[in-house]
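Residue 976 is where the sequence shown ends in our numbering, and the numbering goes up by one at each step. What follows is a set of notes on a single structure, which appears directly below.
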Amino acid sequence: MLSPTLILEVGVAVFLVAVVGLLANKLRFSVIPFFIIIGMVLGQHAPQFWHIDLKFTESKPFIDFMGRLGVLFLLFYLGLEFSVGRLIKSGKSIVTGGTVYVLLNFVSGLLVGWLMDLPFKEMMVLCGVMTSSSTAIVAKVLTDLKRTANPETEVIMGMIMFDDLFIAMHISFLSGLILTGGTSFWSVAGTSLLALGFILTFLILGRKLVPAIDKLLQDKSSELFILIVFSLLFLIAGFSETIHVAEAIGALMAGLVFADSKYIKKIEGMILPFKDFFGAMFFFSFGLSIDMYTLGGAVGWAALAAVVTIIGNVASGYFAARFSDMKPRTSFDIGFTLSARGEFSIIMANIGKAGGLLPIVQSFVVVYVLILSIVSPLLTKESRTIWNKLFGKDQQPNKPKKTLSQLEASIKQP
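So, in structure tokens, the structure goes:
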């Protein structure tokens, strides 16, 4: 039986999320760490005022479900931003810079996991967490700093697309390794190959379905239009879960297919409010599941991992800039921007929690995401200043001044 205060509790939760969002905008920070922090502060040890339970005991299952929807809308919108056609066109920057980025960060995860003496499953979650950049934070930072038209931004987005595709595969691997209870190499490999087949099917055949989807959406009222889009999104995500491929990956694949629709702008406009609202509830619900008094043991490891991530990302930024014939100083722009961690890291932490992995993984992810979601935008903003202080400003070649006779000669020329 539903609690009579369910709506009130949900209303309070949404109101508090809105308040901290306003505070984040006022301070010009990413909203993601604020949503997580307010959830942690309230979730486990908050008091009760009158009929309002700030632990959200009765409403937590509903808030968790809203968070689950948030994952679907976040990944679906991400797929809309990166169509299959765009992935193919950006091949050079994706393969070169993206490969180096993934390798350096994955190896960093192995190193930190080895230092923490984690079992294999926990180590694989950690590797994924440390490899997954936050597309949401990166996009917001580039927009806020007015760098979307900069040449390095194309490289950044190419690397992020490669990373997102790798993480999609890694999430599927983790699902086979952790959630299905697979213990043998062949059972995990079978689940991973099934996920790969699922993704390739959508990448290859999905584009051929676009004309049929466009015909289905043609001349429909806004009500029917959004019902068709939502039904396909939930069916694809739900089907992917039944074959042990994370539902988030199904949502991403659905977005990649819809991205080639001629109605892409209309779909984006309709999905954006749902993505923003349920995405905020996703980060809030994640915070609610964390007992902030258990984070102490993970602070040192998370801080170390954050430093390793920043160094590794600057190194990958150097190689990406070199492959793209850009100035060395852009390596700081690329590396600092890509250091942000957010939604994918939390998705993988939730997979680890659902699989009953060691609690240290969940605590590590919280602190790690909080550090990098705050520090990365600050470093990105000051990337040029940091480069100039370390290596000096780029010297512009001085043009030789023309003499008076040369100026008179140039004027006299027809």
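Idealized CB from N, CA, C, for every residue including glycine. Quick caveat, the model's predicted, so the values are computed rather than measured.
Ignore the nearest five residues each way along the sequence and tell me which others in Gln606's own chain have a CB closer than 6 Å to its CB. Asp853
Does DSSP classify Asp615 as helix, strand or coil? strand
With DSSP run on the structure shown, which of helix, strand or coil describes Met888? Looking at Met888 - three-state DSSP - the assignment turns out to be coil, as it is neither helix nor strand.
Figure out for me which residue from Asp726, Asp626, Leu616 and Ala701 has the closest Cα to the Cα of Gly984. Any property of residue 984 remains undetermined from this structure, which presents the chain solely from 563 to 976.
Close-in-space but distant-in-sequence residues of the same chain around Leu778 (CB under 7 Å, 5 per side omitted): Ile790
Best match in Val582, Leu666 and Gly849 for proximity to Val929 [C-alpha to C-alpha]: Just measuring C-alpha positions, the residue of Val582, Leu666 and Gly849 sitting nearest Val929 is Gly849.
Where Phe846 and Lys955 are concerned, what is the direct C-alpha to C-alpha distance, given to the nearest angstrom? 42 Å
For Ile761, the nearest candidate out of Met721, Ala816, Pro595 and Glu785 (CA to CA): Ala816
To the nearest angstrom, how far is it from the Cα of Gly632 to the Cα of Asp679? 33 Å
Between which two residues does the alpha helix (DSSP H) holding Glu809 run? Glu809 to Phe820 is the extent of the alpha helix (DSSP H) around Glu809.
Once the 5 residues before and after Thr856 are set aside, which same chain residues still bring their CB inside 8 Å of it? Pro921 and Ser925
Can you tell which of Val669, Ser851 and Lys837 has its C-alpha closest to the C-alpha of Ile625? Ser851
Can you say whether Thr871 is buried or exposed, counting buried as having 16 or more other CB atoms within 10 angstroms of its CB? buried
CB of Leu616 within 9 Å of CB of Val923, strictly: no
Counting C-beta neighbours from all protein chains within 10 Å, is the total for Gly800 16 or more, i.e. buried, or is it exposed? exposed
Could you have a look at Thr899 and say whether DSSP puts it in helix, strand or coil? In the structure shown, the three-state DSSP call for Thr899 is helix.
Same chain, Cβ closer than 6 Å to Gly879, neighbours up to 5 away in sequence not counted: Exclusion of the five residues before and after Gly879 leaves Ser893, Ile896 and Gly897 as the residues of its chain whose Cβ lies within less than 6 Å of its Cβ.
Express the C-alpha separation of Ile699 and Met602 in angstroms, rounding to a whole number. 20 Å
Tell me whether Val774 sits in a helix, a strand or coil according to DSSP, three-state version. According to the sequence provided, residue 774 is Ala. The question's Val does not apply to it. Note: Ala774 maps to helix in three-state DSSP.
Separation of Val931 from Leu940, as counted between CA atoms: 14 Å
Nearest-angstrom Cα distance between Val807 and Lys951? Approximately 47 Å, taken between the alpha carbons.
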